[in-house]
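Student: Protein chains in written order, with my numbering: chain C, 1 to 264; chain R, 1001 to 1323.
Positions of the beta carbon are idealized from the N, C-alpha and C atoms, including for glycine.
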Amino acid sequence: MGSMSDVLRGTWVVSYRELLRFVRERSRLVSSIVQPLVFLVIFGVGFSGVIGQMAPGVDYIQFMYPGIIAMGVLTTSLFAGISVVSDREFGFLREILVAPLGRTGITLGKSLGAVAVALLQVALMLIIAPIVGVPLDALMIAELIPVVAVLAVALSGLGILIATRMRSQQGFQILVQLLIFPLIFLAGVFFPIQTAPEWLQVLSKFDPLTYGVDAIRQIMLGSQAGLGVSVFGQVMTVAQEFAIICVFAVVLLGAAIWAFGRQE
Amino acid sequence: MIIEVDGLARSFGPLEAVKGVSFHVEAGEIFGFLGPNGAGKTTTINMLCTLLKPTRGTARVDGHDVIGDRAAVRRAIGLVFQQSTLDEYLSADQNLRFHAYAYGVPRDVREQRMTELMTMVDLADRRGGSVRTYSGGMKRRLEIARGLLHHPKVLFLDEPTLGLDPQTRRHIWDYLLRLRDQEGLTIFLTTHYMDEAEHADRIAVIDHGQIVGIDTPAGLKRDVGGDRIALSVPDMAAAEAELRARYDLQPTVIDGTVSVVVPKGDAFLPELIRSFGQPIEAVELHRPTLDDVFLHLTGREIRDDELDEQALMVQEMGRRWGR
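1) Output the boundary residues of the beta strand (DSSP E) element that contains R:G1129.
2) Whole angstroms is fine: what's the gap from C:I42's alpha carbon to R:L1149's?
3) Can you pull the DSSP bridge partners for R:L1155?
4) Quick one: is R:F1098 buried, meaning 16 or more other Cβ sit within 10 Å of its Cβ, or exposed?
5) Out of C:A256, C:Q234 and C:R9, point me to the one whose CA is closest to R:P1106's CA.
6) On the CB-based measure, 16 or more other CB atoms within 10 Å of its CB, does R:Q1083 come out buried or exposed?
7) Using DSSP with H/G/I as helix, E/B as strand and the rest coil, what is R:Q1083?
8) Does the beta carbon of R:G1104 come closer than 8 Å to any beta carbon on chain C?
9) Given a threshold of 16 other Cβ atoms within 10 Å of its Cβ, counted over all protein chains shown, does R:H1286 qualify as buried or as exposed?
10) Are C:A196 and C:A152 close, meaning C-beta to C-beta below 8 Å?
11) Suppose you measure from the CA of C:T11 to the CA of C:V251; what does that come to, to the nearest Å?
12) Can you list, in chain order, the residues of the stretch 173-193 of chain C whose Cβ is nearer than 9 Å to any Cβ on chain R?
13) Taking 8 Å as the CB-CB limit, is R:F1081 close to chain C?
14) In angstroms, rounded to a whole number, what distance separates the CA positions of C:R279 and C:G188?
15) Looking at C-beta atoms only, is the number of pairs between the stretch 162-177 of chain C and the stretch 83-92 of chain C that lie closer than 8 Å three or more?
16) Given that R:E1086 touches chain C, what residues does it touch there, using C-beta distances under 8 Å?
17) Can you confirm whether R:A1324, when its beta carbon is compared against all beta carbons of chain C, has any partner nearer than 8 Å?
18) Got a sec: is the Cβ-Cβ distance from R:R1074 to anything in chain C below 8 Å?
19) Are at least three pairs of beta-carbons, each pair with one atom in the stretch 138-155 of chain C and one in the stretch 45-55 of chain C, less than 8 Å apart?
20) Determine the chain R residues that contact C:A99 at a beta-carbon separation under 8 Å, and present them in chain order.
21) Which residues does DSSP list as the beta-bridge partners of R:E1004?
22) Which residues, in chain order, does the stretch 1202-1217 of chain R contribute to contact with chain C at a C-beta distance below 7 Å?
23) If we call anything under 8 Å between Cβ atoms a contact, is C:I33 one with C:Q121?
24) Would you kindly report the start and end of the unbroken beta strand (DSSP E) that includes R:L1285?
25) Beta carbon of R:L1249, beta carbon of R:I1280: below 8 Å?
26) Hey, is R:Y1134's beta-carbon within less than 8 Å of any beta-carbon in chain C?
27) What's the gap between the Cα of C:M1 and the Cα of R:W1173?
28) Is the Cβ of C:V13 closer than 8 Å to any Cβ of chain R?
29) Closest to R:L1117 by CA distance: which of R:L1269, R:G1136, R:G1104 and R:Q1182 is it?
30) Quick one: does R:A1071 have its CB under 8 Å from some CB of chain C?
31) Following the continuous beta strand (DSSP E) through R:G1032, name the residue where it begins and the one where it ends.
32) Indicate whether R:I1002 and R:A1027 have their beta-carbon atoms separated by less than 8 Å.
33) With contact counted as at least three CB pairs below 8 Å, one residue from each stretch, are the stretch 96-113 of chain C and the stretch 1070-1082 of chain R in contact?
34) With a Cβ-Cβ cutoff of 8 Å, do C:M125 and C:G72 count as a contact?
35) Alpha carbon to alpha carbon, how far is C:L186 from R:I1067? Give it in angstroms, no decimals.
36) In chain order, what residues of the same chain lie with their CB nearer than 6 Å to the CB of R:V1018, ignoring the 5 residues before and after it?
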């Protein structure tokens, strides 16, 4: 149902509101910045004394910083799912569903909203890059944007997919909490996954965040700092990881569109 | 005819919440769906608004099929639900703009229409405020304004004054009646308040998923069988005999009074008092209300607190599926 123009209008009007909400809710704005910083400071300061260099010229804080950025994208993107559930709880979902927008457009809008919020958040987190000791340049930022955007599409797709099955925010949050930590640890945010047991390494290859963390790390710190994530024995380049994230994005968002369109 | 409904039915699993209703609504009419909670009112409104697929039957709104042409139906209607569907974290203006964008209202029309509607519902000075700070009545008024933003042909209101105090209810009705007069809007509403149903041009009484009566409020009351006159007299037996012999009526004795039913009580009463064979101590004229109509049509009274099992199930299923 819904013509192309309905879908496009749905995409922009829903994503516009997601961004508006993010900017209006100061607490969310602040916590989305502060939470990653807390991780960075506590883990970084706590472990950098114990852990030496992770790679030539890369200390633990520098190693962790790109991972923390990816983690921020993860929490923000899964929030797209929370917003579906809370809209359902507070009734606003009806206002959206009854408008001539098309379900596909609504799902795309939620996802695009997550992309916009994730990019905004990454931009804010990049402010501290010089303090951490990661010099920024224009090329790095130009490479980060597509990676972050596609990663946000994939993870928001996952969030919305879960949200279509959930009736309460609490239920959603419990499920996401169960999911979020394995996703983060398997992705090698805090420790290099290649030193982990074989079975963990295998599992990590099914985690979309793995490729996001590694791609961001390679972009920011150079390929020698990467985890050396390999698929079928081949160590991934940024371009290959980007392609894999794109596949995750298509599959997860496609599933989310399908599931959201099916609910009555 | 702006709404045509033919044999519309909806089941939730084994439960048939709406059992094939047929009716039509003329343009510019205020049409009320009156019935107790769980009678199938909300289920019907959800089907007409394309939020719920009927299991049987057809319905057309403004000429568009509610199954085959949902987008066209949605453009032609405005909706105010029982529960608030506002984004409380945004301001009133932001809520209105979201709606205007979603329905593709052109920019030049939008701002003027927003001002016009917010003035009409007396919220013009609170437009920038967060909806969270609004009272229940203000929220409902804002929702009515929002529902009209895209110039709909029909405004659907599901229990528009539920949970509001009497004064606010009266205000909301002032707005609705003004809208009908000024904009020629068709209003379709559901209610279980009798006094609210009185405002409607026509009423369909719905019970257990079926329409049991449909007419103007006056017509429905007429069908109940006329006005009841209760007389207190010294000699009840003589009064009974006189009423039977002189006026060809069927008096009954209830609670120490002699009671008769006549078509036009207000005209009959002066005549009766003037020429009755014994002095009348007290007289009471009772004209039928919609309560009597409902009692007459269903054999029960509408009560908020007495939901039978079936009605509860319909409510619960409707809530789950309608989302």
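Tutor: With the structure as the only source:
1) Segment: none, R:G1129 is in no beta strand (DSSP E) and carries neither H nor E.
2) 51 Å
3) R:G1078 and R:I1187
4) buried
5) C:R9
6) exposed
7) coil
8) yes
9) exposed
10) no
11) 19 Å
12) none
13) yes
14) Absent from the structure is residue 279 of chain C, since the part of chain C shown begins at 1 and ends at 264.
15) yes
16) Note that residue 1086 of chain R corresponds to Leu in the displayed sequence, not to Glu. Those are G91, F92 and E95, listed as they occur along chain C.
17) Chain R is shown from 1001 up to 1323; residue 1324 of chain R falls before or after that span and cannot be answered.
18) yes
19) no
20) R1074, H1099, A1102 and Y1103
21) R:H1024 and R:R1060
22) none
23) yes
24) A1282 to H1286
25) no
26) no
27) At C:M1, the pLDDT of 45 sits below 50, so the modelled position is not reliable; the number obtained from the coordinates is stated separately. In a straight line, the C-alpha of C:M1 is about 36 Å away from that of R:W1173.
28) yes
29) R:Q1182
30) yes
31) I1030 to L1034
32) yes
33) yes
34) yes
35) 47 Å
36) A1009, R1010, G1040, T1043, T1044 and G1209
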